[in-house]
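Working notes for the structure below.
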Amino acid sequence: MASELLELVGFLHAEQNSVRMLAAENLVGFSLGQSNYIFKNNDYAPIKDLKLLTRDRDYRTVKSALTILINLCDERVVLDMLATDETFVEHIANSITDRRLVNADLFCMLLANLAKNDNVTVIFDLNRKKLKPFPGLSENEAALSGQSTNPAELEERKKQDEKILTEDAKIFTSEKLMDCLVDCFVKGADRSLNKYADFSYLSYFFSDISRFKKGRDYFINAQSYDNVVPVTKLLVFTEYPSKVRREGVVSTIKNTLFDVESHERFIKDESINLLPYLLLPLADGQDEYKDDEMFELPEELQLLPPDKKRESVPQILNILIECLLLLCTTKSMRQYFREKSVYPIIREVHKNVEDEDVRDTCDRLVQMLMRDEAPNNENPRIEEVNVQEEDEDDEIVEVL
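Residue numbers for the sequence shown follow UniProt numbering, beginning at 1 and rising by one.
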């Protein structure tokens, strides 16, 4: 069996398109578990083949190659081989922004995994490549790559290609790849950019890259192409239906809050107005508040409908509360939170959510809000807020 698998791996660089496609397709199942040793053969030569196959003209081959690489990223050597190849990182990111590609979401997953390596910050130095028309395929090539050979359908595909090329400059107004990735995530959530992708896994990429100072600086400062602070574009997704999107977004917000100097601006600048986006997922229509507590809440949280539901995933709840905990680093923010009835919301979370981690974090936040403040502005900043940067627990995305 071992020799047969190694022989199959060798077909990844076969000359015939159909042979490469079938080899990659049949190897997907061996990319998880003990059999993945076959991809380490001959000094990881199969990894080099798979990298090339992510550029293949057959979308089925690309799908299999991406799936295998995504699954192999829990091998540190493989992850480092991919993430330290700047040309490969550039190719993955550019592929995400190509609205014609069927496998855009798999490219997003792979990029999210590559962000476990520090070298991925190279993304901030890369520019997006201008789209080129898809090369025409012969009838035989189209058939072999799984595409229709019907003349009418080929003509329609050509028109769609031309339409996307025309629209491209209007959708992506920045040359920087990072800006374009954010645009994909925000504008493409409803599949209006690419009917095959919703780009949700980019949120995990944003979360990991915001662990680095370069990443935090990007998300908290207005970008020149649209004069908008990138993290503000993510706020509307703290209550989005997709669990992946919600988790990645709140993790990104949390990481940006390690920049204490930005706290006042994030909370009190009306164009950002961060607090309601953190509190709304914590609130439930069945929560009980006194009248004075209710009307001290931010306007967005007053008189919620009775069917409003609290965030259901304990891990996401915990990250949201940790965001509030980070914001309590300064005395002015703690006072502001007291004025805005943050404590009653946390009280209701503690009372109604039966999760030990969530309740422990609630307790820590309550201690910060209920503490006696030092007089005369002494020690306005608390240095011992103990919250770890969010890195998805170093989890690697896998495709089962």
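Glycine included, every Cβ here is placed at the ideal spot set by N, Cα and C.
- prompt: Between the region 46–56 and the region 66–78, do at least 3 Cβ pairs fall closer than 8 Å?
  reply: yes
task: Please check the pair residue 408 and Asn-26, which I expect to be a contact at CB under 8 Å, by giving their CB distance rounded to whole angstroms.
output: No statement about residue 408 is possible, as the shown extent of the chain runs from 1 to 400 and does not include it.
query: Under three-state DSSP, which class holds Asn-117?
result: Translated into positions along the sequence shown, residue 117 becomes position 117. Residue state for Asn-117 is assigned as coil, using DSSP reduced to three classes.
field: Whole-angstrom distance between Lys-159 and Asp-393, CA atom to CA atom
entry: On the sequence shown, position 393 is the one that residue 393 refers to. On the sequence shown, position 159 is the one that residue 159 refers to. Only weak support exists for where Asp-393 lies, its pLDDT of 48 falling under 50; the coordinates are left without a value.
- prompt: Mind pulling the alpha helix (DSSP H) runs of 4 or more residues that sit fully within the region 229–287?
  reply: 230–234, 243–256, 263–268 and 274–279
task: Could you please give me the residues that DSSP links to Lys-176 through a beta bridge?
output: Taking the first residue of the sequence shown as position 1, residue 176 is located at position 176. Per DSSP, Asn-127.
- prompt: If you draw a straight line from the C-alpha of Gln-315 to the C-alpha of Leu-110, how long is it?
  reply: Counting from 1 along the sequence shown, the entry for residue 315 is found at position 315. Counting from 1 along the sequence shown, the entry for residue 110 is found at position 110. Distance between the alpha carbons of Gln-315 and Leu-110: 23 Å.
message: Can you list, in chain order, the residues of its chain with a C-beta nearer than 6 Å to that of Glu-300? Leave out the 5 residues immediately preceding and following it.
response: Position 300 of the sequence shown, counting from 1, holds the residue named residue 300. Pro-276, listed in sequence order.
- prompt: So which of Phe-212, Asp-183 and Asn-127 has the shortest CA-CA distance to Asn-119?
  reply: As a first step, residue 119 is located in the sequence shown; it is residue number 119 there, counting from the start. Closest option to Asn-119, Cα to Cα, is Phe-212.
field: Boundaries of the alpha helix (DSSP H) in which Glu-293 is found, first to last residue
entry: Position 293 of the sequence shown holds residue 293. Looking at the DSSP string, the run of the alpha helix (DSSP H) that includes Glu-293 is 291–294.
query: Does the region 212–222 come within contact of the region 119–131, defined as at least 3 CB pairs closer than 8 Å?
result: The answer is yes - the region 119–131 touches the region 212–222, with three or more Cβ pairs under 8 Å.
message: Using only the alpha-carbon positions, how far apart do Pro-151 and Cys-108 sit?
response: Taking the first residue of the sequence shown as 1, we reach residue 151 at position 151. Taking the first residue of the sequence shown as 1, we reach residue 108 at position 108. Their backbone Cα atoms lie some 33 Å apart in a straight line.
query: For Ala-104, is the classification buried or exposed, using 16 other Cβ atoms within 10 angstroms of its Cβ as the cut-off for buried?
result: Counted from its first residue, the sequence shown places residue 104 at position 104. Counting Cβ neighbours within 10 Å, Ala-104 comes out buried, since at least 16 surround it.
field: Tyr-196 (DSSP reduced to helix, strand or coil)
entry: Within the sequence shown, the letter at position 196 stands for residue 196. Coil at Tyr-196, not helix or strand.
query: Of the residues Glu-162, Leu-320 and Lys-116, which one's Cα is nearest the Cα of Lys-132?
result: One-based indexing of the sequence shown puts residue 132 at position 132. Checking every option, the nearest Cα to that of Lys-132 belongs to Glu-162.
message: Using a Cβ-Cβ cutoff of less than 7 Å, which residues in the same chain neighbour Phe-30 once the five nearest sequence positions on both sides are dropped?
response: On the sequence shown, residue 30 is found 30 positions in, with the first residue counted as 1. Contacts found: Leu-5, Asn-36 and Ile-38.
query: Are the beta-carbon atoms of Ile-321 and Val-358 separated by less than 8 Å?
result: Residue numbering aside, residue 321 sits at position 321 when the sequence shown is read from its first letter. Residue numbering aside, residue 358 sits at position 358 when the sequence shown is read from its first letter. The criterion of a C-beta distance shorter than 8 Å is satisfied by Ile-321 and Val-358.
query: Anyone know if the C-beta pair for Val-236 and Ser-203 falls short of 8 Å?
result: In the sequence shown, the residue the question calls residue 236 occupies position 236. In the sequence shown, the residue the question calls residue 203 occupies position 203. It is not a contact, given that the beta carbons lie outside the stated cut-off.
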